[in-house]
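Residue numbers (the working numbering): 9 to 300.
Below is one structure; the comments refer to it alone.
This is how it looks when you write it as structure tokens:
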């Protein structure tokens, strides 16, 4: 399947936004990071807006997005609902933040965490379909959640370091980022491995004649992300840059304490890895019958 860059950016920024807001909520629940709460909120809001703009670019005309709101089971409808819910919670969070001197009640922090998790899972679930075996597994939404677990804490660690939070305060999101980098590694590899089993569901056609493309041969596609058409992207972009570099960077952050640098390295590498994994996702998106 050809790469759908607007949707790649949409899912990336949704995971990034949700991870950032959820990390901010966890710290607020613990009574930490009061100085950087507003900066973290602005960051997550900007990420949400960028992701929202990206999804509109997928359509030739933006008003056609409303055609997808015909039923509650529509992926677009579900994504729209959870985005609106998260936006409402974020606005309430902001109001309480301004009223209570950069602190919020624990109940709104819990709501923010739950809404962030649901946003990631629903965004990933929208792509599950029986006609595309490589996508028809819940491991892909889980992989998106794993990506949020590294993107969010690393972003918050950078923001906290830039806003002058103490090293002890920055250790909290830094620790979350280290754990998140490992979670991301496990979830991403699991999703990629699931694609290798999905290849057994594809029908290979020996001979085929299409009146509309009489001279076009059938493309032999190897969807295995480790050995197929996406192998280089998987090994270099996902595993080396997107998985190993964030783990090493977060480990160095826990040892050296310079989270401004190490969290930034982990974040940049993680973003590259997330985009590469979404590229692998689309390259593996071959329909049940290869000629469809």
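Heads up, the beta-carbon is just placed ideally off N, CA and C, and yes, glycines get one too.
On a predicted model such as this, the values are computed, not experimentally measured, just so you know.
Nearest by alpha-carbon distance to residue i: which of the options is it?
i           : options               : result
residue 205 : 178, 190 and 233      : 233
residue 131 : 101, 113, 56 and 103  : 56
residue 151 : 103, 13, 122 and 286  : 286
residue 105 : 32, 290 and 61        : 32
residue 184 : 136, 259 and 231      : 259
residue 26  : 180, 90, 139 and 64   : 90
residue 280 : 59, 248 and 264       : 248
residue 17  : 52, 136 and 282       : 282
residue 153 : 169, 244, 164 and 128 : 128
residue 36  : 108, 133 and 155      : 108
residue 99  : 88, 236, 291 and 53   : 53
residue 45  : 155, 87, 181 and 133  : 181
residue 157 : 231, 125, 42 and 96   : 125
residue 293 : 274, 267, 199 and 266 : 199
residue 23  : 59, 116 and 49        : 59
residue 50  : 84, 95, 63 and 88     : 95
residue 362 : 103, 190 and 266      : Missing from the structure shown is residue 362; the chain here goes from 9 to 300 and no further.
residue 197 : 288, 92, 87 and 30    : 288
residue 42  : 86, 102 and 85        : 102
Kindly indicate the opening and closing residues of the alpha helix (DSSP H) around residue i.
i           : result
residue 37  : 13–37
residue 268 : 267–291
residue 10  : Per DSSP, residue 10 belongs to no alpha helix (DSSP H) and is neither H nor E.
residue 177 : 175–206
residue 121 : 114–133
residue 40  : Element bounds for residue 40: n/a, residue is neither H nor E.
residue 316 : The structure shown has nothing for residue 316, since the chain only spans 9 to 300.
residue 260 : 253–264
residue 158 : 147–170
Please classify residue i: is it buried, with 16 or more other beta-carbons within 10 angstroms of its beta-carbon, or exposed?
i           : result
residue 40  : buried
residue 113 : exposed
residue 20  : buried
residue 65  : exposed
residue 272 : buried
residue 201 : exposed
residue 138 : exposed
residue 172 : exposed
residue 167 : buried
residue 246 : buried
residue 275 : buried
residue 277 : buried
residue 115 : exposed
residue 235 : exposed
residue 194 : exposed
Three or more C-beta pairs closer than 8 Å, one from the segment 110–126 and one from the segment 248–257: is that the case here?
The segment 110–126 makes no contact with the segment 248–257; the number of CB pairs closer than 8 Å stays below 3.
Does the segment 231–246 come close enough to the segment 168–183 to have 3 or more Cβ pairs within less than 8 Å?
Because the criterion of three Cβ pairs below 8 Å is not met, the segment 231–246 and the segment 168–183 do not touch.
For the pair the segment 138–157 and the segment 10–17, tell me if three or more CB-CB distances fall below 8 Å.
The segment 138–157 makes no contact with the segment 10–17, as fewer than three CB pairs between them are under 8 Å.
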